[in-house]
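Residue numbers (the numbering used here): 838 to 1135. From the three backbone atoms N, C-alpha and C, an ideal C-beta is built for every residue, glycine too. As structure tokens, the structure follows; a few thoughts come after it.
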Amino acid sequence: MDSLNIDGLSVTFGRAIVSVVELTGSTPFPSSIVWYRNCGTMESQTREQEDKPLSGKVAVVTGASFGIGAAISKMLAAEGAKVVLVARGEKMLLETKDKIEKEGGVALAVKCDVTKRNEVKEMIKRSGSTFGPVDILVNNAGVWHFTFMKYAKEDLWEEIVDVNIKGVLNCIGAVISDMCVRKRGHIINVTGVRDLPLKGMAVYTGAKYFLEGMTRTLRQEVCQEGVKVTNVHLGPVDTPGLATSLSNMDDDCKKLYNFAESTNLTADASARAVIQALKQPQDVAVNDVCLVPQAFAV
Ligand SMILES: NC(=O)c1ccc[n+]([C@@H]2O[C@H](COP(=O)([O-])OP(=O)(O)OC[C@H]3O[C@@H](n4cnc5c(N)ncnc54)[C@H](OP(=O)(O)O)[C@@H]3O)[C@@H](O)[C@H]2O)c1
838 MDSLNIDGLS
848 VTFGRAIVSV
858 VELTGSTPFP
868 SSIVWYRNCG
878 TMESQTREQE
888 DKPLSGKVAV
898 VTGASFGIGA
908 AISKMLAAEG
918 AKVVLVARGE
928 KMLLETKDKI
938 EKEGGVALAV
948 KCDVTKRNEV
958 KEMIKRSGST
968 FGPVDILVNN
978 AGVWHFTFMK
988 YAKEDLWEEI
998 VDVNIKGVLN
1008 CIGAVISDMC
1018 VRKRGHIINV
1028 TGVRDLPLKG
1038 MAVYTGAKYF
1048 LEGMTRTLRQ
1058 EVCQEGVKVT
1068 NVHLGPVDTP
1078 GLATSLSNMD
1088 DDCKKLYNFA
1098 ESTNLTADAS
1108 ARAVIQALKQ
1118 PQDVAVNDVC
1128 LVPQAFAV
């Protein structure tokens, strides 16, 4: 089961419930809704483009070496996109590239730290000379730590701000002008569940709220230029990042949290939501997708 049904208030992808959140006050719908809006002009599409709308598109995925980003990259490649895999660790990055190529996909691995603006610019340059201009940017690289603010782990706060805020800005900054000139492009931001303050996650939550506010405004600025911006909000997902953060959390957090693996989302379910948002026709934009485990009450 892998469908996006726009009629209802919640939509099923595999075992997860998806709800898409209202973005303007002008819509008649109550809170959890699916809201699609026109963005750009309708293009006639060939049957092949309709079947595989991502075929031939150039997609940059940050944090692509493992976890959710690797799952998104593999699915994008299976859809025929040319995928630029971005992360700091080269070994895992090359392993993901290998897996994609073994399945007949096309990928380029670029070692790059998204917090370094010059590295991001270089990565986009390499992507351009190998595949051409970027059609899709998936801002997925992110870090978080479960720690109460009273412990003032300022180095960890800084890392969260650097990767989740500056890293995203560096990547958007490297592609947005070109997308506007070309009148096409889709930026996906992978983020957490909205309005869910979790103790021990204050700085991370703040960083993701930044993303939310920034992208709402960005969307207003670029939607008439044919550029789409989607925020994909996720509940707990089984990934190396979640496992590491749970094993490293401080004692206050240990008393609070027990994310049972069996009830978390899978990286594949998360990736499917991204692909569905990307596969909409050019005149349809998915602004927000919220994906949580079926038994996760929010
Ligand atoms: N897992 C969850 O429960 C969950 C829930 C909601 C939202 N999210 C969001 O989903 C995204 C992915 O999470 P995940 O669970 O898949 O994380 P993960 O398992 O820790 O994977 C993170 C990926 O990002 C890369 N990365 C980290 N810092 C980077 C940097 N400075 N520059 C480039 N790449 C970097 C990592 O590779 P290197 O370390 O080699 O660079 C890795 O490829 C994050 O934005 C997270 O906030 C996750």
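Checklist line | Residue interval of the beta strand (DSSP E) (run including K948) | finding: Walking along the sequence shown from the start, residue 948 turns up at place 111. Looking at the DSSP string, the run of the beta strand (DSSP E) that includes K948 is V943 to K948.
Next item on the list: Return the first residue and the last residue of the beta strand (DSSP E) that A924 is part of.
Entry: Within the sequence shown, the letter at position 87 stands for residue 924. Run containing A924: K919 to A924, per the beta strand (DSSP E) assignment.
Check: Does at least one heavy atom of ligand 1 sit under 7 Å from the Cβ of R925?
Finding: Taking the first residue of the sequence shown as position 1, residue 925 is located at position 88. True, at least one ligand heavy atom lies under 7 Å from that Cβ.
Check: Would you call the CB atoms of A1104 and D1075 closer than 8 Å?
Finding: As a first step, residue 1104 is located in the sequence shown; it is residue number 267 there, counting from the start. As a first step, residue 1075 is located in the sequence shown; it is residue number 238 there, counting from the start. Yes; because the gap between Cβ atoms is below 8 Å, this pair is in contact.
Checklist line | Nearest to L1035 (by Cα), restricted to the options E991, P1118, D935 and Y1094 | finding: Start at 1 with the first residue of the sequence shown, and residue 1035 comes out as number 198. The candidate whose alpha carbon is nearest that of L1035 is Y1094.
Check: Whose C-beta lies closer than 7 Å to the C-beta of T1052 among residues of the same chain, with five residues either side of it excluded?
Finding: Here the question's residue 1052 lines up with position 215 in the sequence shown. So the list reads N1026, V1066 and N1068, once near-sequence residues are dropped.
Notebook entry, point to check: Between P1130, I1013 and L1033, which lies nearest to E1058 when the distance is taken from Cα to Cα?
Noted result: Indexing the sequence shown from 1 puts residue 1058 at position 221. Taking only the C-alpha atoms, the option nearest E1058 is I1013.
Checklist line | Beta-ladder partner(s) of N1018, from DSSP | finding: The residue you call residue 1018 lines up with position 181 of the sequence shown. Note that residue 1018 is Val in the sequence shown, not Asn. Note: V1018 sits in no beta bridge, so no partner.
Next item on the list: Name the two residues that bound the continuous beta strand (DSSP E) containing A896.
Entry: In the sequence shown, counting from the first residue as 1, residue 896 sits at position 59. From DSSP, the beta strand (DSSP E) with A896 extends over V895 to T899.
Checklist line | Beta-carbon proximity list for D1015, same chain, < 6 Å, skipping 5 on both sides | finding: As a first step, residue 1015 must be located in the sequence shown, where it is residue number 178. Hits under 6 Å: P970.
Check: Exposed or buried, which one is N955 when buried takes at least 16 other CB atoms within 10 Å?
Finding: Counted from its first residue, the sequence shown places residue 955 at position 118. Under this definition N955 is an exposed residue.
Item checked: Beta-carbon spacing of V1123, Q1117 below 8 Å -> Counting from 1 along the sequence shown, the entry for residue 1123 is found at position 286. Counting from 1 along the sequence shown, the entry for residue 1117 is found at position 280. The answer is yes: Cβ separation under 8 Å.
Margin query: Are there any heavy atoms of ligand 1 lying less than 7 Å away from the beta-carbon of G1010, as far as the coordinates show?
Written below: Start at 1 with the first residue of the sequence shown, and residue 1010 comes out as number 173. Checking every heavy atom of ligand 1 against the Cβ of G1010, none is found closer than 7 Å.
Item checked: The beta strand (DSSP E) enclosing T1067, as first and last residue numbers -> Within the sequence shown, numbered from 1, the residue matching residue 1067 stands at position 230. It spans V1064 to L1071 - the beta strand (DSSP E) in which T1067 sits, taken as one unbroken run.
Check: Roughly how many angstroms lie between the CA atoms of T1054 and A1134, to the nearest whole one?
Finding: By 1-based counting over the sequence shown, the position of residue 1054 is 217. By 1-based counting over the sequence shown, the position of residue 1134 is 297. About 29 Å.
Checklist line | Helix, strand or coil at V1000 [DSSP, three-state] | finding: The residue given as residue 1000 occupies position 163 in the sequence shown. V1000: helix per DSSP, three-state reduction.
Note to self: On the DSSP bridge list, what partners appear for L1102?
What the structure shows: By one-based count along the sequence shown, residue 1102 stands at place 265. According to DSSP, L1102 bridges with V1074.
Notebook entry, point to check: Where does V1135 fall in DSSP's three states?
Noted result: Position 298 of the sequence shown, counted from the start, is the residue given in the question as residue 1135. Looking at V1135 - three-state DSSP - the assignment turns out to be coil, as it is neither helix nor strand.
Next item on the list: Name the two residues that bound the continuous beta strand (DSSP E) containing L974.
Entry: Taking the first residue of the sequence shown as position 1, residue 974 is located at position 137. Segment I973 to N976, the beta strand (DSSP E) holding L974.
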